[in-house]
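Heads up, the thing below is written out as structure tokens.
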Amino acid sequence: HHVDSLAGRPLLLVSGGQDKLVPPKCNRKFVKKCKASYAKAGKEDRFSDELEDEAGHKFTDWMRERTIEWVVRWMVVETSII
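In terms of the working numbering, the numbers along the sequence shown are unbroken and rise by one, the last being 1413.
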């Protein structure tokens, strides 16, 4: 993984706690590396690993809402009309 190249860029991971196809434990090593890299860069707030305990391998309403919040927070650029 080239995790250090991600540090500073907003990154949200959402997953289901009951996902049988890609269990949350599959991401542990990646998440640990991301947390360390983002902390080293002083950008901890730009990385989030979110787990919906009861969800399986699907994109739920909660995940959609959380993703929208993340995009609005980090990726919506203010513009002004001249």
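Just so you know, even glycine gets a beta-carbon here, dropped at the ideal spot from N, CA and C. None of these values were measured; they are calculated from a predicted model.
Is residue i helix, strand or coil by DSSP?
i, result
"Val-1353", "coil"
"Asp-1380", "strand"
"Glu-1385", "coil"
Go to residue i, then tell me how far its beta strand (DSSP E) extends in each direction, as first and last residue.
i, result
"Val-1345", "1342–1347"
Which value, in whole angstroms, describes the spacing of the CA atoms of residue i and residue j?
i, j, result
"Arg-1377", "Ala-1338", "8 Å"
"Gly-1347", "Leu-1382", "6 Å"
"Trp-1357", "Asp-1380", "The question names Trp, but residue 1357 in the sequence shown is Cys. Distance between the alpha carbons of Cys-1357 and Asp-1380: 13 Å."
"Lys-1371", "His-1333", "14 Å"
"Gly-1373", "Asp-1392", "31 Å"
"Leu-1352", "Lys-1389", "10 Å"
"Trp-1401", "Pro-1355", "20 Å"
Count the other CB atoms within 10 Å of the CB of residue i; is the residue buried (16 or more) or exposed (fewer)?
i, result
"Ser-1336", "exposed"
In terms of residue numbering, what span does the alpha helix (DSSP H) encompassing residue i cover?
i, result
"Ser-1368", "1359–1371"
"Glu-1400", "1392–1406"
Indicate whether the contact test is met: 3 or more Cβ pairs, each with one atom in the stretch 1337–1348 and one in the stretch 1365–1372, closer than 8 Å.
-> Contact holds: three or more Cβ-Cβ distances are below 8 Å.
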